[in-house]
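Numbered as in the working numbering, the sequence shown ends at 1043 without a single skipped number.
We put the CB at the ideal spot given by N, CA and C, even for glycine.
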Amino acid sequence: MSRIGKKPIAIPAGIEVSVAGTVISVKKGNKVSTVETHGRVNIEVAEGNVVLTRVGEDKTSSAFWGTYRALTSNAIDGLNAGFSKSLEINGVGYRAAVKGEVLELQLGYSHPINYEIPAGLEVTVEKNIINVKGADKQQVGQAAAIIRGFRKPEPYKGKGVKYTDEKIIRKAGKTSKK
């Protein structure tokens, strides 16, 4: 039995939630986020809450129940407060700059890496910290993972791009025979 699916989702002030068939639309101002449920859960909006219920009694129905409840909750939280990820650049000569809609990274390669910032995301750089902000949790996490993937942190000197809350397990270097 899904414990996550049981919990109703409270709708904060300023956010409108509507259901059209199997699509949940979350709206705040001119921003709209949708969650397609493909008819796998029943949706009910009542008394300032969104309640999702299972369609069947099998295991996959329970899994979809919790999944779509989490996706709907993330859509509401994203429009209400937004999501963010922070990345830290470590290394001599490693730097980043935002130029228009492009994040330019210099990470020790012979050429700069230009990353097109996806629509709906805001990327800022302060010294060696890159902040990725947006309303879609999946999009924010994917963009941060792509930026980290350009130069993953290495275990010997800790150089590269890492999440600010990530711990790098350091390895000892070579030792000489004496």
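Are the CB atoms of residue j and residue i within a distance shorter than 8 Å?
i	j	result
Val-822	Glu-981	Coverage of the chain is limited to positions 866 through 1043, which leaves residue 822 absent and any answer about it impossible.
Gly-985	Gly-1006	no
Val-900	Leu-936	yes
Gln-1004	Pro-1020	no
Pro-1018	Lys-1027	yes
Ala-1009	Lys-964	no
Val-910	Val-882	yes
Excluding five sequence neighbours on each side, which residues of the same chain lie with their C-beta closer than 6 Å to the C-beta of residue i?
i	result
Arg-960	Gln-971
For residue i, which residues in the same chain have their Cβ closer than 7 Å to its Cβ, ignoring the five residues on either side in sequence?
i	result
Pro-977	Glu-969, Leu-970 and Gln-971
Gly-879	Lys-893
Tell me which residue opens and which closes the beta strand (DSSP E) that residue i is part of.
i	result
Leu-917	914–919
Lys-893	888–893
Arg-960	960–964
Val-957	Taken as a continuous stretch (DSSP letters only), Val-957 belongs to no beta strand (DSSP E), as it is neither H nor E.
Gly-999	994–999
Thr-840	Residue 840 is absent from the model: the chain starts at 866 and stops at 1043.
Sort the options by Cα distance to residue i and report the nearest one.
i	options	result
Ala-962	Ile-994, Asp-923 and Val-910	Ile-994
Thr-932	Gly-1023, Arg-1035, Arg-868 and Gly-999	Arg-868
Asn-996	Asp-923, Gln-1004, Glu-953 and Ser-883	Glu-953
Val-920	Ala-911, Asn-907, Asn-914 and Glu-912	Asn-907
Lys-1022	Gly-956, Leu-917 and Thr-989	Gly-956
Trp-930	Gly-870, Gln-1003, Lys-1002 and Ile-1012	Gly-870
Ala-875	Arg-905, Thr-887, Leu-917 and Gly-886	Leu-917
Gly-958	Ser-975, Lys-950, Lys-924 and Lys-964	Ser-975
Lys-893	Arg-905, Val-990, Ile-1012 and Ile-941	Ile-941
Need the endpoints of the alpha helix (DSSP H) that residue i sits in, please.
i	result
Arg-868	868–871
Asn-945	924–945
Ile-1033	Element bounds for Ile-1033: n/a, residue is neither H nor E.
Lys-1002	1002–1014
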